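Trainee:
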Amino acid sequence: MPPFGHRDTRYSGYPAEPAGRAFSRDPGRSEPRSAQAKPGIRLDESTVIKYLSMAGGDPEQAARLRRFMLASAAYAACVPLVWLACKFNLIAPKPAWILVAMMVAVNAALYAALRTGVNRKFSDPDLTWLHVFLGNVVVMVAVYSFDQGRAVVLNLSLVVLTLGVFHFTTREFVKAALQILAGYAAVINLLMYFKPETVNVYHEWFQWAGLAAVLPLFAVIGGRISGLRQRLGASNEELRSALGNVRQIATHDHLTGLPNRVLFNEELQRALARAERHARPVGLFFMDLDRFKNINDTLGHQFGDRVLQEAAKRLASCVREGDIIARLGGDEFVLLVEELGDPAALTEIARKLLAAVSELRKIDGQDLNVTLSIGICAYPADGRDAKTLLSGADIAMYRAKDRGRNGFCFYSAELQSHTPEKLALEAGLRHGLERNEFRVYYQPKIDMTTGAITGVEALLRWQHPEKGLLLPEKFIHLAEETGLIVPIGLWTLREVCTRAKAWKEAGLPRMPIAVNLSALQFREEQLVPQLAEILKSTGTEAGILELEITESMVMRDPDLAVKLMRNLRAMGVHLTIDDFGTGYSSLGYLKLFPINNLKVDRSFVRDLAHSKDDVAITRAVIAMAHSLEMNVIAEGVELREQLEVLRNEGCDEFQGYLCRPPLAEEDLITFIREGGTRGTLS
Ligand code: C2E
Ligand code: MG
Ligand code: MG
2 MPPFGHRDTR
12 YSGYPAEPAG
22 RAFSRDPGRS
32 EPRSAQAKPG
42 IRLDESTVIK
52 YLSMAGGDPE
62 QAARLRRFML
72 ASAAYAACVP
82 LVWLACKFNL
92 IAPKPAWILV
102 AMMVAVNAAL
112 YAALRTGVNR
122 KFSDPDLTWL
132 HVFLGNVVVM
142 VAVYSFDQGR
152 AVVLNLSLVV
162 LTLGVFHFTT
172 REFVKAALQI
182 LAGYAAVINL
192 LMYFKPETVN
202 VYHEWFQWAG
212 LAAVLPLFAV
222 IGGRISGLRQ
232 RLGASNEELR
242 SALGNVRQIA
252 THDHLTGLPN
262 RVLFNEELQR
272 ALARAERHAR
282 PVGLFFMDLD
292 RFKNINDTLG
302 HQFGDRVLQE
312 AAKRLASCVR
322 EGDIIARLGG
332 DEFVLLVEEL
342 GDPAALTEIA
352 RKLLAAVSEL
362 RKIDGQDLNV
372 TLSIGICAYP
382 ADGRDAKTLL
392 SGADIAMYRA
402 KDRGRNGFCF
412 YSAELQSHTP
422 EKLALEAGLR
432 HGLERNEFRV
442 YYQPKIDMTT
452 GAITGVEALL
462 RWQHPEKGLL
472 LPEKFIHLAE
482 ETGLIVPIGL
492 WTLREVCTRA
502 KAWKEAGLPR
512 MPIAVNLSAL
522 QFREEQLVPQ
532 LAEILKSTGT
542 EAGILELEIT
552 ESMVMRDPDL
562 AVKLMRNLRA
572 MGVHLTIDDF
582 GTGYSSLGYL
592 KLFPINNLKV
602 DRSFVRDLAH
612 SKDDVAITRA
622 VIAMAHSLEM
632 NVIAEGVELR
642 EQLEVLRNEG
652 CDEFQGYLCR
662 PPLAEEDLIT
672 FIREGGTRGT
682 LS
């Protein structure tokens, strides 16, 4: 997974961060690599920074410096020992201080090598081996130069040997021990040759034998400790990296590598708390790729994923250090911008984001035209909590889409006319489709004379997660206002066609299904090809589908409507004028429309039993429709008296609670299997 958006490389000791965020404010959240370079050495953050700056930003070198300092501390520990030995006249002061000076010189030389980077030229750039070797040389020179208390000085060689604990294997320890023994043997020989008067040979060789007995043991134990440290460090490291992976998976989107909704929500809460504390604004961008579904549908989901990855990369590339960009899901991205110097910066950022995505012209040789719609909300002006801000930015983004897409829109007073409840409903409506919360209910249409089921009308319901099953009056208007009715309508058509096919396969009698169209859908140029695609992909016969349109939809642009209706009829789809009598349709036009059915509005049916006027109107409508060879359906029939009047006036079919309310699919199937109302209503 390629991590994008990583721009914060304050010092290279930090591992590449997950995409979309910069950690400069809180570097402690990521583990410095210097601490990982050698297992077992864990450093706190200020130490890391100190050594990194000493090492010119090279984490390996910083770790070496750190180890060198620890080793030098062992030398430093020798100084008080030497001082004490002088104090108690165990050793002579002059050679003692020469010894200290040599130790300081060796350490200073090695320190200089590490600071200048000369050590990198050595086969062991850690210089541990050299450090031990020089330490031994110093001790041996001292042993040679002391005429009394050689044993005291010799003991320091053990201190020197402990330096290897950081690095040495048992073998290397043994090597170092042999070096000490060889060095001491050489010193004894030199003493015998040059200063025989100062040396008790038996005493020195006895001491040498003592060392020879102890050092191998020391080496083995040291080697074990060193190995144990390394193993412990390695398993620590494994554990840490496994935990890091778990967190990465839980908080990041696997496709784009961006933070996911969980992490974004956490960050948003934190950012708002910071903003409140420091009284500064925060900007929230809600971004959605335009017509991404088309890409998925036409070029496949795999290609869609590639587009999302590329878009994520581009979006992440134009945000600043400290901003947080995340993928909420699907083609939705969000960006959180803190430290907004100037409110105009929001516009500038939005422009940058739009430009970045529109540059996405080709992926894998495929020409593309990807655009983005952005909604912008600011804290505290547009809201003070995460939920309000997110839903505000979301709504603003949809306004940007309504305005023609490929643009941005600020959450504004105009949008504030929406009550918070409405805002929430609007946001919910949009996600309702993704979360598959819509349901189709079916109301049977009954033949007036035989009582047989002639078909059903598909009526939309929304199974709201909190509010329960909602009727269209609660959401259709909002869906139309926001343009969401177009995708919702397409979903309904597809669902209905899929069910029609399933019913056919289940052996149910052939039954036309009427689907209500909204004015917006009826204006979409895409309606005919989209419908053709739905029929084809679901394998449904066009003749089974009836589309219900209202007078006002037709009368808005009658010429265009006629053209569209003819195209639909040519496909084999049937057409119904719904709610007839409530609009202003001209009877002259009605003649021109290729309509199959006419539905008398419920308002005329309601008073049929009492209102002579309504009976007269219904009679005229039925007569007119019949003269135009249209089938007449009465809707909203609740009473037997209404049914009687309609039947007397020659109405063909009816729909209403008298028979059944709209039913869930399984209830409809039971109703059909039980033979409908045949006999009971005739
Ligand atoms: P409509 O197309 O005129 O649907 C008939 C409405 O009358 C339905 O309301 C139905 O439940 C109700 N109804 C049926 N029989 C009776 C009765 O005996 N008495 C009374 N009082 N009402 C009865 P519903 O389902 O609430 O739908 C309301 C409107 O919402 C529909 O009116 C239609 O315009 C719209 N609608 C429903 N589904 C869709 C859809 O999928 N797309 C679009 N664009 N609009 C839809
Ligand atoms: Mg209808
Ligand atoms: Mg109606």
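If you count by my numbering, then the sequence shown holds residues 2 to 683, one letter each, in order. Cβ coordinates follow ideal geometry from the N, Cα and C atoms, glycine included. Quick caveat, the model's predicted, so the values are computed rather than measured.
1. Who are the Cβ neighbours of R685 in its own chain at under 6 Å, not counting the five residues just before and after it?
2. Examine chain D for any beta-carbon lying closer than 7 Å to the beta-carbon of Q527, and answer yes or no.
3. Could you pull the start and end residues of the alpha helix (DSSP H) that M193 belongs to?
4. Rounded to whole angstroms, what is the Cα-Cα separation between S124 and L285?
5. Measure the alpha-carbon distance for L644 versus F655 and round it to whole angstroms.
6. Can you find the residues in the same chain that come closer than 6 Å, C-beta to C-beta, to L546, ignoring five residues on each side of it along the sequence?
7. Would you identify the three-state DSSP class for L470, choosing helix, strand or coil?
8. Going by beta-carbon coordinates alone, are L521 and E481 separated by less than 7 Å?
9. What residue does the beta strand (DSSP E) around S374 start on, and which one ends it?
10. Between the C-alpha atoms of L244 and G234, what's the straight-line distance to the nearest angstrom?
11. State the DSSP-derived secondary structure class of I396, mapped to helix, strand or coil.
12. Is W209 near Y185, with beta carbons less than 7 Å apart?
13. Rounded to whole angstroms, how far is the Cβ of L341 from the Cβ of L347, which I believe are closer than 8 Å?
14. For D395, does the count of other Cβ atoms within 10 angstroms reach 16, so buried, or fall short, so exposed?
15. Below 6 Å, is the gap between the Cβ of E474 and the nearest heavy atom of ligand 2?
16. Looking at the structure shown, is R661 part of a helix, part of a strand, or coil, going by DSSP?
17. What residue from A635, M104, W492, V247 has the CA that sits closest to D448's CA?
18. Just list the alpha helix (DSSP H) runs in the region 129–159, keeping only unbroken ones of 4 residues or longer that don't cross its boundaries, in chain order.
19. Using the rule of at least 16 other Cβ atoms within 10 Å of the residue's Cβ for burial, across every protein chain shown, is D127 buried or exposed?
20. To the nearest angstrom, how far is it from the Cα of G657 to the Cα of Y442?
21. Pairs of beta-carbons, one from the region 184–200 and one from the region 96–116, closer than 8 Å: are there three or more?
22. Find out if the Cβ-Cβ distance for the pair F409, A401 is shorter than 7 Å.
23. Any chance the region 250–270 sits against the region 322–337, with 3 or more Cβ pairs inside 8 Å?
24. Measuring alpha carbon to alpha carbon, tell me which residue in K502, T451, A621, Y380 is nearest H279.
25. Strictly by DSSP, which residues pair up with H465?
26. Starting from E552, follow the alpha helix (DSSP H) in both directions and report where the run begins and ends.
27. Is G637 near ligand 1 - that is, is its Cβ less than 6 Å away from at least one heavy atom of it?
28. Take L461 and list the residues in its own chain whose beta-carbon comes closer than 7 Å to its own, dropping the five residues that flank it on each side.
29. Can you look up C410 in the DSSP assignment and give me helix, strand or coil?
30. Just confirm the distance between the C-beta atoms of F594 and M566, as a whole number of angstroms; I'd bet it's less than 8 Å.
31. Name the DSSP beta bridge partners of H204, please?
32. Given L290, which residues of its chain have a CB within under 7 Å of its CB, disregarding the five upstream and five downstream residues?
33. Between P28 and the rest of its own chain, which residues show a CB-CB distance below 6 Å, the 5 nearest in sequence each way excluded?
34. Out of curiosity, what's the CA-to-CA distance linking Y194 and K88?
35. Specify the secondary structure class of N598 as computed by DSSP and reduced to three states.
36. Within a Cβ cutoff of 8 Å, which residues of the same chain sit near L369, ignoring the five residues on either side of it in sequence?
Mentor: So, from the data block:
1. Lying before the first or after the last residue shown, residue 685 is absent from the chain, which here runs from 2 to 683.
2. Considering every chain present, this structure includes no chain D. It has just one protein chain.
3. Within the sequence shown, the letter at position 192 stands for residue 193. Note, M193: alpha helix (DSSP H), 171–195.
4. As a working mapping, residue 124 is identified with position 123 in the sequence shown. As a working mapping, residue 285 is identified with position 284 in the sequence shown. If I take the Cα positions, the gap works out to 54 Å.
5. As a position in the sequence shown, residue 644 is number 643, starting the count at 1. As a position in the sequence shown, residue 655 is number 654, starting the count at 1. Between L644 and F655, the C-alpha separation is close to 8 Å.
6. Locating residue 546 in the sequence shown gives position 545, where the first residue counts as 1. Answer for L546: V574, listed in chain order.
7. Within the sequence shown, the letter at position 469 stands for residue 470. The DSSP-derived three-state label of L470 is strand.
8. Within the sequence shown, the letter at position 520 stands for residue 521. Within the sequence shown, the letter at position 480 stands for residue 481. Cβ distance < 7 Å, so L521 and E481 count as in contact.
9. To locate residue 374, count along the sequence shown from 1; it is residue 373. Per DSSP, S374 is one residue of the beta strand (DSSP E) stretching across 373–380.
10. Along the sequence shown, read from residue 1 onward, the residue named residue 244 stands at position 243. Along the sequence shown, read from residue 1 onward, the residue named residue 234 stands at position 233. Between L244 and G234, the C-alpha separation is close to 15 Å.
11. Sequence index remark: in the sequence shown, residue 396 carries index 395 (1-based). Secondary structure at I396: helix, using DSSP grouped into helix, strand and coil.
12. Residue numbering aside, residue 209 sits at position 208 when the sequence shown is read from its first letter. Residue numbering aside, residue 185 sits at position 184 when the sequence shown is read from its first letter. A Cβ-Cβ contact shorter than 7 Å links W209 with Y185.
13. Residue numbering aside, residue 341 sits at position 340 when the sequence shown is read from its first letter. Residue numbering aside, residue 347 sits at position 346 when the sequence shown is read from its first letter. So it is a contact: roughly 7 Å between Cβ atoms.
14. Along the sequence shown, one-based indexing puts residue 395 at 394. Burial is judged here by how many other beta carbons sit within 10 angstroms of a residue's own beta carbon; D395 has at least 16 and is buried.
15. In the sequence shown, counting from the first residue as 1, residue 474 sits at position 473. The answer is no for E474.
16. Walking along the sequence shown from the start, residue 661 turns up at place 660. In the structure shown, R661 falls within a coil segment according to DSSP collapsed to helix, strand and coil.
17. Reading the sequence shown from its first residue, position 447 is the one you call residue 448. Nearest Cα to D448 within the set A635, M104, W492, V247: A635.
18. Here the runs fully enclosed are 129–146.
19. The sequence position of residue 127 within the sequence shown is 126, counting from 1. D127 comes out buried.
20. Counting from 1 along the sequence shown, the entry for residue 657 is found at position 656. Counting from 1 along the sequence shown, the entry for residue 442 is found at position 441. Going from the Cα of G657 to the Cα of Y442 covers about 14 Å.
21. No: fewer than three Cβ pairs fall under 8 Å.
22. Position 408 of the sequence shown holds residue 409. Position 400 of the sequence shown holds residue 401. Cβ atoms of F409 and A401: closer than 7 Å.
23. With a cut-off of 8 Å on Cβ pairs, the region 250–270 is in contact with the region 322–337, counting three or more such pairs.
24. Position 278 of the sequence shown, counted from the first residue, corresponds to residue 279. Here the closest residue by C-alpha is Y380.
25. Translated into positions along the sequence shown, residue 465 becomes position 464. Beta-bridge pairing links H465 to G469.
26. Here residue 552 refers to the residue found at position 551 of the sequence shown. Taken as a continuous stretch (DSSP letters only), the alpha helix (DSSP H) holding E552 covers 552–556.
27. Counted from its first residue, the sequence shown places residue 637 at position 636. Inclusion of G637 in the 6 Å shell around ligand 1 follows from its C-beta lying nearer than that to a non-hydrogen atom of the ligand.
28. The sequence position of residue 461 within the sequence shown is 460, counting from 1. Excluding residues within five positions, the ones whose Cβ falls inside 7 Å are F439, V441, P473, T493.
29. The sequence position of residue 410 within the sequence shown is 409, counting from 1. DSSP places C410 in strand when its eight states are reduced to three.
30. The residue given as residue 594 occupies position 593 in the sequence shown. The residue given as residue 566 occupies position 565 in the sequence shown. For a cut-off of 8 Å, the C-beta gap from F594 to M566 is around 6 Å, short enough to register as a contact.
31. Locating residue 204 in the sequence shown gives position 203, where the first residue counts as 1. None, per the DSSP bridge assignment.
32. For this step, residue 290 is matched to residue 289 along the sequence shown. These residues qualify, in order along the chain: A312, D332, V371, L373.
33. As a first step, residue 28 is located in the sequence shown; it is residue number 27 there, counting from the start. For P28, the predicted model reports a pLDDT of 32, less than 50, meaning its position is unreliable; a value from the coordinates is still stated below. So no residue of the chain qualifies.
34. As a position in the sequence shown, residue 194 is number 193, starting the count at 1. As a position in the sequence shown, residue 88 is number 87, starting the count at 1. One Cα belongs to Y194, the other to K88, and the distance between them is close to 30 Å.
35. Here residue 598 is taken as the residue at index 597 of the sequence shown, counted from 1. Three-state DSSP puts N598 in a strand.
36. Numbered from 1 along the sequence shown, position 368 holds the residue referred to as residue 369. Exclusion of the five residues before and after L369 leaves I296, V308, L361, R362, K363 as the residues of its chain whose Cβ lies within less than 8 Å of its Cβ.
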